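Everything below concerns the one structure shown next.
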Amino acid sequence: MTSPLKTLAFATLSAAALLAGAPTVNAVTLDEACTKFASKMGEAQASGDPDKAKMVYSKGSQRIASRFNGATCPNIKAP
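All letters in the sequence shown, in the order written, are residues 0 to 78 by numbering that gives the first Met the number 0.
Next comes the structure, spelled out in structure tokens:
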């Protein structure tokens, strides 16, 4: 029969091993996300393809809203 102390030790070591192998999360702020979005919009508009600019704006706006609780980037205007 396994003692409760051995069970606790095993569980603790197992959890530590899982956490040690877990990838780190690089949190991005809304300002950082908007800056990256603005850069991508600039590239899309510079390409001269209005459909590409519209697609980048649409996808970028949706991504910002979904990751930042409905937030928007007010400095980025629709093409």
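Note that CB positions come from ideal geometry on N, CA and C, so glycine has one too.
Computed from a predicted model, the values in this text were never measured in an experiment.
Spatial distance of residue i from residue j (CA atoms)
i, j, result
"Ala32", "Ala43", "16 Å"
"Pro73", "Asn25", "24 Å"
"Arg66", "Ala37", "16 Å"
"Ile75", "Gln61", "13 Å"
"Pro49", "Ala77", "11 Å"
"Gly47", "Ser57", "17 Å"
"Gly69", "Ala45", "28 Å"
Start-to-end residues for the alpha helix (DSSP H) that takes in residue i
i, result
"Phe36", "Leu29 to Ala45"
"Gly59", "Pro49 to Arg66"
Identity of the residue in the options nearest residue i by Cα
i, options, result
"Thr122", "Ile63, Pro78 and Ala77", "This structure gives no information on residue 122, because the portion of the chain shown stretches from 0 to 78."
"Lys35", "Lys76, Ala70, Pro78 and Gly59", "Gly59"
"Asp30", "Ala77, Pro78 and Thr71", "Thr71"
Local Cβ density within 10 Å of residue i, reported as buried at 16 or more and exposed below that
i, result
"Met40", "buried"
"Ala52", "buried"
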